[in-house]
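The block underneath contains the structure these notes are about, expressed in structure tokens.
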Amino acid sequence: MQPTRRELFSWVAASGITLGLSRLSPAAALPFEATQTLPGRANAGLIGRARIDGIAKVTGAKLYASDFRAADMEGWPATTAHALLVRARDASHVYEGLNLDALPAQAQPTKVVGAADIAASALRTPPFYAGDLFCPIGQTPLYLGQPVALLLFEGFDAYDRARIAFREDKALVRFGAETGPRTGPNYAALRFTRIAGPTPEAPDIYSPLQEGWISPGFTEGGGRPIWKPLPTAQGGDYAKGATYGEEIRALLAADNPDLLVLDRAFNTQSVDPMFLEPEAGLGWYEEAAGALHLVLGVQSPFEAAEALDYMLAQAPATLRPTRLDLDFASLGGGFGGRDHTPFPLYAGLAALFLPGKPIRLAQDRFQQFQGGVKRHAFQMRSQIGVDRATGRIAAFAADHVLDGGGLANYSPSVAVVGATAAAGIYDIPKVDVTTVAEHTRGVPAGSMRGYGTLQTMTAIETLIDEAATTLKIDPIDLRRRNLLTAGGRTMTGNPWTVSVRTPEILDKLEAHPIWRDRAAKKAAAPAGVRVGTGVACCTKDYGTGADCSLGRVEIGPDGRVTLQADAVEMGNGIGTATARRVAAILGQSADAVTVARIDMYDALGLVTSGDPYAMTQAEQDAAAKNPRWVPAISSATSASIGAHVSTQAPAQAARIIFRFGLWPAALDLWGIKAGDPREFLWEEAFWQDGFLIMSGLPPLAQTAIAARSHAMKGITGAMAHAFSRWAWAQAAFPLGGLDWAADIDALAVRQGDGPFEVIDRSFVFFPPTDYNRIGTAFTSSCGTAVRVEISVPGGEIRIAQAYSVFECGEILVPELVEGQAQGGFAMGVGYALLETLPPFEDGPGNGQWNLGDYVVARASDLPLRHLQIEVLPPVSPKEPPKGMAEVVMIPVVPALLNAIYDATGHRFQSLPVTPAMLRKVIA
Amino acid sequence: MTALSLTINGTPHGPIEVRDDLSMNDFLREVLGMTGTKFGCGAAQCLSCVVIVDDPAGTSTTQPTCVAPAVSFNGKSIRTVEGHAKAGQLTALQRAFVAHYAFQCGYCTAGFLNEAQVLLERLEAAPIARAGLEQAILEALDGHLCRCSGYVRYHEAVRDVVLAEPSRYLL
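As you go down the protein sequences, you meet chains A and B in turn. The numbering used here applies: residue 1 is where the first sequence begins, and numbers increase by one. The numbering used here applies: residue 924 is where the second sequence begins, and numbers increase by one.
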């Protein structure tokens, strides 16, 4: 069952370059048996209940991209060269080149690659990373941390010396005349306005869902959008929405004694994802074969392949491989920061410019701080109007300004997600939110856990708390009065389409001893300690609106199950979760599980075209006539899609194997003939300890059923593709004389030990393209209660007790779910109290940041033994899994701020809240 | 350059000529290809890179490798993550880490494993009262950064290994 190290799936991209993507299997340091990602018979006690990668991770197996060297790669030359990416620590002066003469002789590179080489080779920057790959000599860098050159070394020692020299000696990168920072247009400027109808049932008067998303189109001299509608003929759609938005602003500005209006400014900081494995890649340009081989660790393998292909498509023959072979390794953490990172482009360039020699590009921590994508810093002004008599929120308005740094990356998307989450868990009839993501000279910001909602929900949840205090209403009661419940419309005008559990979560928070006993704990505070309690409740979307899943499942005649999925393992345990979901269907834990495989689905013959987020309905309808067409083929592992999306295709494939392979075999073993009413009761059968149980019939061993299924040439393997745009694509396939309908859009099956054969769909329904106007449809919720103790006068804060309660539909692996919540709590604490990166020259772009200055939560910062995690059971046995990896960190932050207010009487609206800040308010 | 000789997981290595300023982490990862020992920060802040150093007196400590020159390990005997399991059998600590889902991405695991192993050996040599166990675990592991897990399950795993054999580790 040992998978081969590199099995390549190939296709020819539009450029003519053949692309091959594969999953790099671990190279074990020890002779563990079976697949090295599984426990193996020697550790039988762990089978079925351990992470599938658990053994590899506790034995030091080579798992991560940073672990591999040329000598580890089959068929590669044995020696590894090394590359150093030199970045600018100045973005206000003209870059004049490197001062290599000042570099010691023992640290001289073999080759230097810069902007001129890129231009001379017609290498293109993929549109997503628009901006020069390297700052050209004679120009001011676009942003702090922009690469200026790639230095290639044939030996490690020279590389190592140069790496340290470039960090310690600023003069090695020469800058000239001061120009000031370069400016650039905003990455996005959007306005989301909704005016509800007079009753909950009535249509909205105005909503983004009805009218589309709007952008002002005009900017002030300083670059900020002009949000007020202008008296021009242009931009009628914007003017219509903005006019409604300004009405909401006027309502909040009016002198109305019946309305409590809070108008507050919030500042949230930039932080680093701080995944523990700095980005690394290994490449080899095998000129003779025209192949560029790369080992990478990213959350978005498909995107990395496409970006590399785009970069190389017009290069001259000497620099243009005919084949790209990409191997993807496990990630030492991701948290969004490895989703659409430009790092693979530089790893590819290193290999191309040192042909014939394997070369490694690996960032140290200083370089990772300097070059890795960051969380967006937000400036927010938020206004909320609450009816004093009823406690109902009448209106909410907010203005968000995001620091996107020097490259667009995911800034437009983060701005949208943050804005459309700004109303939190509440049903507010009048909402107006503007958002602009600005270009600055900062290190580029992109995807990170929470994705804009962490910032904007911190604002709304502290505002609600302040409103409750001012109105003398219990904070949980005030939340309850304003909850958006099932069927209600969000601020984009659509309802959530999944279960809404916030009422239960509020009940849980209210009943918890942390909240119930808050007054007594405060009264009992010892001398020199201020005690405070806070709660918050948030919701977070999962999915991006165009999410895919690929899965392939097979069962052998001996009952052994193998499965492959395209999701990437970044610590979230996606392979384990997929295995559990499949095991429940096939009655057997998988014997081989491989994730990050995009190379096993050629039988599906998938094709795609267009942008699934932007295509018109007519374009989709036309494309869907091709039975091989899907809106997108493979997604990044991001946006909390693991359980909900990534497990979908393997689970659906397994259901087909059960229904059309194992079930007919079981009927045969039971002697049930065609026409017997029990023939179609397959959903009533269930697995128990390796046996299929059916009332009134003898249990059947899974191995016996599998053997009979193979003998009968039943379906023993299935591969499927699934697509979600806030609803699953659905299709029907002719199977076993039936039209089998399922939440997948492509299918191939294998009968007995025969080859996979594609099944043409007889019907397909892709979610309408109008769904792209939806803000949030899939959402899951979490509430947190915390009690803090703040020392006087020192200001040190201790989290004495904490409780997080959340929901995630079907709980595939309870240990993983709970672990994500524990980790999310820690990351929330870091964001609220510890972590910060200043902007610009004092920030990470200067190349001097490391963990001595950047403080991440350690165990002693957390209430390890006093952190209670509770997961609500699914609303029904058939509720599908919901994404939860992000929402679990969000309420931690406002709950802490609310607790700090309770302890000190001061509301902090700037993060992180440090002991120095606390000392000032408790003195 | 210095000719470096040392013992790793019971196997002698060297003499190997290394630069005097080559870090021990780079010696393990680049020279020997032993990448089970991770590189996280290069500043001895995350401790994902620690190895166990066994001194001749029979006691052991952990030491970061990212800031220590390889030559400072000349003549020493160390253990790395690759050396814990024997003949395909995990140690109790390794099994506990796996069974508890102690880690997620696993990049910090080698460091936690080495630190916790040293703690177990220290407790075995000098047992403590049950009441002090949690604090002892916290003090032993607190220098180690984990970005994924929130630490809870690492601590529970170590505690359970101790409590599984109380007469071995506790007073």
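Note that the Cβ used here is the ideal one computed from N, Cα and C, for glycine as well.
Approximately 12 Å separates the beta-carbon atoms of residue 911(A) and residue 379(A); this is outside 8 Å, ruling out the contact. C-alpha of residue 647(A) to C-alpha of residue 552(A): approximately 11 Å in a straight line.
Taking CB atoms only, residue 1070(B) has a neighbour in chain A less than 8 Å away. Within the same chain, Cβ atoms closer than 8 Å to the Cβ of residue 957(B) are found at 931, 951, 1003 and 1005, the five residues on either side in sequence being excluded. Of the residues assessed, residue 920(A) falls on the exposed side of the cut-off, its CB having fewer than 16 other CB atoms within 10 angstroms.
The CB of residue 1078(B) comes closer than 9 Å to the CB of 859, 864 and 865 in chain A, given here in chain order. Sorting 365(A), 356(A) and 324(A) by C-alpha distance to the C-alpha of residue 345(A) places 324(A) at the top. Shown here for residue 796(A): same chain residues with a beta carbon closer than 6 Å to its own, the five before and five after excluded, namely 915 in chain order. Residue-level contact check: residue 1000(B) does not touch chain A, since none of the beta carbons of chain A fall below 8 Å from its beta carbon. Residue 259(A) and residue 782(A) have their C-alpha atoms roughly 29 Å apart. C-alpha of residue 759(A) to C-alpha of residue 736(A): approximately 12 Å in a straight line. Across the region 961-993 of chain B, CB contacts with chain A closer than 8 Å involve 961, 962, 963, 964, 965, 966, 968, 969 and 971, in sequence order along the chain.
Contact of residue 51(A) with chain B is assigned, a C-beta pair being separated by under 8 Å. Leaving aside the five residues that flank residue 966(B) on each side, the residues in its chain whose CB is nearer than 8 Å to its CB run, in chain order, 989 and 990. Interface annotation for the region 252-278 of chain A against chain B: 274, 275, 276 and 277, criterion Cβ-Cβ distance under 7 Å.
In this structure, residue 175(A) keeps its C-beta atom at 8 Å or more from the C-beta atom of residue 101(A).
787(A) is the residue among 712(A), 567(A) and 787(A) whose C-alpha sits nearest the C-alpha of residue 525(A). Residues 1019 of the same chain have their beta carbon placed closer than 6 Å to that of residue 1083(B), with the five preceding and five following residues left out of the count.
Spanning the alpha carbons of residue 559(A) and residue 821(A) requires a straight line of approximately 35 Å.
Between residue 761(A) and residue 731(A), the C-beta spacing is below 8 Å.
Judged by DSSP secondary structure, residue 710(A) falls within the alpha helix (DSSP H) whose first and last residues are 702-711.
Within 10 angstroms of the beta-carbon of residue 607(A) lie fewer than 16 other beta-carbons, which makes it exposed.
Between the region 601-617 of chain A and the region 525-537 of chain A, the count of Cβ pairs shorter than 8 Å is below three; the stretches do not touch. Assignment of beta strand (DSSP E) within the region 376-464 of chain A, counting only whole runs of 3 or more residues, yields 377-387, 393-403 and 430-438 in chain order.
Contact note: residue 822(A) reaches chain B through 1072, 1073, 1074, 1075 and 1076, using a C-beta cutoff of 8 Å and chain order.
For the pair residue 828(A) and residue 118(A), the Cα-to-Cα distance works out to about 41 Å. Going by DSSP, residue 652(A) is part of the alpha helix (DSSP H) stretching over 648-657.
Within its own chain, no residue has a Cβ closer than 6 Å to the Cβ of residue 933(B) once the five positions on either side in sequence are excluded. Assigned with DSSP and collapsed to three states, residue 66(A) falls in helix. Here residue 576(A) is buried: its Cβ has 16 or more other Cβ atoms, across all protein chains shown, within 10 Å.
Taken atom to atom, the span from the alpha-carbon of residue 347(A) to that of residue 124(A) is near 15 Å. Residue contact check for residue 1094(B) against chain A: no CB pair falls below 8 Å. For residue 1065(B), a Cβ of chain A is located within less than 8 Å of the residue's own Cβ. By the CB criterion at 8 Å, residue 143(A) and residue 342(A) fall outside the cutoff.
Interface residue (Cβ-Cβ distance to chain A less than 8 Å): residue 1027(B) is classified as such. Neighbourhood of residue 1036(B) in chain A, by CB distance below 7 Å: 58, in chain order.
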